[in-house]
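Line by line, the protein sequences give chains A and B. Using my numbering, read the first sequence as starting at 3 and increasing by one per residue. Using my numbering, read the second sequence as starting at 9 and increasing by one per residue. Think of the CB as a built atom: it goes at the ideal place given N, C-alpha and C, for glycine as much as any other residue. Taking it in order: structure first as structure tokens, then the write-up.
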Amino acid sequence: MAEREQKKKTTTERTEEVVEDVPGASATGDKLKAELDDLLDEIDEVLEDNAEEFVRNYVQKGGE
Amino acid sequence: MAIQKVCGIETEYGIQVVHGDPNPIAASSVLINAYAHDVARQQTGWDFEDEAPGNDARGFARDDAMPPQVETHLVNTVLTNGARYYVDHAHPEYSTPECGDALECLRYDRAGELILIRSMEAADLAVHDGSRLVIYKNNSDGKGNSYGAHENYLMDRSAPFTRIVAEITPHFVTRQIFAGSGKVGAETSIHDGRRVDFQLSQRAEFFEEQVGLETTLKRPIVNTRDEPHADPHRYRRLHVIVGDANLAEVATFLKVGTTALVLAMIEDDVSGSRSLVLADPVTAMHDVALDLTFTTPLPMADGSTATALAIQWELFSQARKYADDRGLACMGDEAVGEEVLRRWEAVLNGLETDPMSLHRQLDWVAKLQMIEGYRERHGCDWGDHRLAALDLQYHDLRPSRSLFARMNTETLVDEASVVAAVTEPPRGTRAWFRGQCLKKWPAAVVTANWDSLVFDLGTDPLRRVPMMDPLKGTADHVEELLDACATPTELLDRLSS
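Take a look at the structure:
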């Protein structure tokens, strides 16, 4: 839940930047940031639940 | 003139068993058998006649050198696209067929990813014990165990090996600034005493020598394995073990394309990289991996210093001049050669002015941007397990889980051509003959390897067809002949007449 709130806050800040900045430049930056936010939303959904266990269990033998 | 840089990539994939027998050799066998039997319906095995990975290009081998052993008992198959798909040590490995240029090499490397994805799906249907196989296209487990993504380039035997070693080393040390796949943290003692949050390369910290035969211990920047899989009097196959496996298409394309071009210059003895001799290539390689701003001065043999970016600019300038003076026939397709130069320049410009602007082109940038965004959103520090999880899951090949697949990176080959490359061989190399014979007469080709096919015509003895030239057996050479032959017996009769 905390994560959702944080994301909303970021969105508000981004809107304010559009008003203050040069229109063209901020529009591009805004688009990139929106894309990154969407990506992070998706990652929050698909990232393995127990990160510590997931990383610990990934053990490979050397190869080549 | 430099000969055409026929090239290929061998990728050892990471394999993880969830809820099942963790034995990676058994798991890799299940995976590849599921593909060979249920998807490709392919039975032709690999022929080990030609394998000699212990031969050293320097003409000698150190007594303490440990060349790899040839394992003949594990699953090993040849596909109709001319590729080899097999269990190597404890990993599934896919070797692209011989490709005529860097773009084709990218396409067949991508086809390999599709083959591994289809293999996972086939294995899921084949096993009923609740276990799942998960495949990763990466190069280390984060715990000090590394596995490779090797490249191969066809070279003229007349180019002295000592010159190749001296002049390719600066490229191998510095190309990671665009070809690295990125990694959270460090896993060897190389960087002792230094804080390492993120490295450009997965592999850089595993390299301990400038030149040598080994691939699993004391890994060398230039590998001396001398196993041409072709006429040894005319050809050399440079076996390159220094790279990361890439997912970003631009990174794969540039890794292979720039290396092919620098090797062509070395072959024509116009490379000025003798002026780019590093004082200590191994240490430089480790330092470059840690330098996300490309400002670390690397000590040169002549007492000066240069940054990795400056070395890459110098190599690019030489390559641009070489192309203008001599053309780009060495790159297989002149237009592909020009595209390599154009992209190389654009990426160096990007790295110089705003590295993060390359998040759609380069793996390490895409990964770092994702991680920095995650850190900001969740307020985690670099030691947080979630960052290591992001790093690992970036390389997960499952479409439902892959983080890379969500990055919206730039593509250079269209998906339909990648799908076709899963079953169709390249037209411009001997892979075409191999693949077409396997498609046409799967039961008659009993074994195959890079430089021959063995046919069983139902009569003794078995018949071996040698293919000692990677640039013969192309569609131009044999398409008409193959079309005209109704049976393998007819083909062999006409080949021997």
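Is residue i near residue j, with beta carbons less than 8 Å apart?
i: VAL25 of chain B; j: SER103 of chain B; result: no
i: ARG233 of chain B; j: HIS247 of chain B; result: yes
i: LEU300 of chain B; j: ASP371 of chain B; result: no
i: CYS338 of chain B; j: ALA10 of chain B; result: yes
i: GLU159 of chain B; j: THR291 of chain B; result: no
i: ILE249 of chain B; j: LEU284 of chain B; result: no
i: VAL192 of chain B; j: ASP399 of chain B; result: yes
i: THR304 of chain B; j: LYS145 of chain B; result: no
i: LEU269 of chain B; j: GLY345 of chain B; result: yes
i: LEU221 of chain B; j: ASP64 of chain B; result: yes
i: ALA253 of chain B; j: SER189 of chain B; result: yes
i: GLU66 of chain A; j: THR260 of chain B; result: no
i: PRO474 of chain B; j: ASP484 of chain B; result: no
i: PHE215 of chain B; j: MET308 of chain B; result: no
i: PHE441 of chain B; j: VAL486 of chain B; result: yes
i: GLU418 of chain B; j: ARG368 of chain B; result: yes
i: CYS15 of chain B; j: VAL264 of chain B; result: yes
i: ILE17 of chain B; j: ASP117 of chain B; result: yes
Can you give me the start and stop residues for the beta strand (DSSP E) that residue i sits inside?
i: GLN218 of chain B; result: 215-220
i: LEU6 of chain B; result: A question about residue 6 of chain B goes unanswered here, because the residues of chain B that appear run from 9 up to 505.
i: PRO100 of chain B; result: 99-103
i: THR455 of chain B; result: 453-457
Suppose you measure from the CA of residue i to the CA of residue j; what does that come to, to the nearest Å?
i: ARG202 of chain B; j: ILE45 of chain A; result: 30 Å
i: HIS403 of chain B; j: GLU106 of chain B; result: 25 Å
i: GLN326 of chain B; j: ALA287 of chain B; result: 21 Å
i: ASP51 of chain A; j: ASN84 of chain B; result: 36 Å
i: GLY152 of chain B; j: ILE198 of chain B; result: 11 Å
i: PRO61 of chain B; j: LEU500 of chain B; result: 30 Å
i: MET273 of chain B; j: ASP164 of chain B; result: 12 Å
i: THR177 of chain B; j: GLU213 of chain B; result: 16 Å
i: ALA397 of chain B; j: ALA53 of chain A; result: 6 Å
i: PHE180 of chain B; j: TYR243 of chain B; result: 22 Å
i: THR437 of chain B; j: ASN457 of chain B; result: 14 Å
i: ALA413 of chain B; j: ALA34 of chain B; result: 28 Å
i: GLU360 of chain B; j: THR315 of chain B; result: 11 Å
What is the DSSP secondary structure of residue i, reduced to helix, strand or coil?
i: VAL506 of chain B; result: Nothing about residue 506 of chain B can be read from this structure; chain B reaches only from 9 to 505.
i: MET308 of chain B; result: strand
i: ILE249 of chain B; result: coil
i: THR313 of chain B; result: strand
i: ILE11 of chain B; result: coil
i: PRO474 of chain B; result: strand
i: THR30 of chain A; result: helix
i: GLU18 of chain B; result: strand
i: PHE61 of chain A; result: Correcting the residue type first, residue 61 of chain A is Val in the shown sequence and not Phe. Coil, per DSSP.
i: VAL25 of chain B; result: strand
i: ARG16 of chain A; result: Because ARG16 of chain A carries a pLDDT of 45, less than 50, the predicted location of this residue cannot be relied on, and the following value inherits that uncertainty. The answer is helix: DSSP assigns ARG16 of chain A an H, G or I state.
i: HIS393 of chain B; result: helix
i: SER189 of chain B; result: coil
i: TYR93 of chain B; result: strand
i: GLU418 of chain B; result: coil
i: GLY443 of chain B; result: helix
i: ASP164 of chain B; result: strand
i: ASP64 of chain B; result: strand
i: GLU54 of chain A; result: helix
i: ALA318 of chain B; result: helix
Who are the Cβ neighbours of residue i in its own chain at under 6 Å, not counting the five residues just before and after it?
i: GLY340 of chain B; result: GLN12, GLY108 and ASP109
i: ALA131 of chain B; result: VAL38, LEU39, ALA42 and LEU141
i: LEU411 of chain B; result: GLN401 and TYR402
i: LEU49 of chain A; result: none
i: GLY156 of chain B; result: GLU20 and ILE249
Whose C-beta lies closer than 7 Å to the C-beta of residue i among residues of the same chain, with five residues either side of it excluded?
i: ALA119 of chain B; result: ASN89, VAL426, ALA429 and VAL430
i: GLU353 of chain B; result: PHE324
i: GLN184 of chain B; result: LEU208, SER209, ALA212, VAL296 and ALA297
i: ASP464 of chain B; result: ALA452, VAL454 and LEU470
i: TRP390 of chain B; result: ASP205
i: LEU420 of chain B; result: LEU111, LEU114, GLU257, VAL258 and PHE261
Ends of the alpha helix (DSSP H) at residue i?
i: ARG409 of chain B; result: No alpha helix (DSSP H) contains ARG409 of chain B, which DSSP labels as neither H nor E.
i: ARG383 of chain B; result: 371-386
i: SER127 of chain B; result: 110-134
i: PHE169 of chain B; result: 169-182
i: MET293 of chain B; result: 289-298
i: ALA48 of chain B; result: Where ALA48 of chain B is concerned, there is no enclosing alpha helix (DSSP H), given that its DSSP letter is neither H nor E.
i: PRO228 of chain B; result: Taken as a continuous stretch (DSSP letters only), PRO228 of chain B belongs to no alpha helix (DSSP H), being part of the beta strand (DSSP E) at 227-231.
i: ALA429 of chain B; result: 423-429
i: VAL344 of chain B; result: 342-361
Go through its chain and collect everything with a Cβ distance to residue i's Cβ below 8 Å, but skip five positions before and after it.
i: GLN210 of chain B; result: ASN146, ASN147, SER148, SER154, GLY188, SER189, GLY190, LYS191, ASP252 and ALA253
i: GLU217 of chain B; result: LYS226, ARG227, PRO228, ILE229 and VAL290
i: GLY343 of chain B; result: Reading off the sequence, residue 343 of chain B comes out as Ala, not Gly. For ALA343 of chain B, where only same-chain residues beyond five positions count, there are no Cβ hits under 8 Å.
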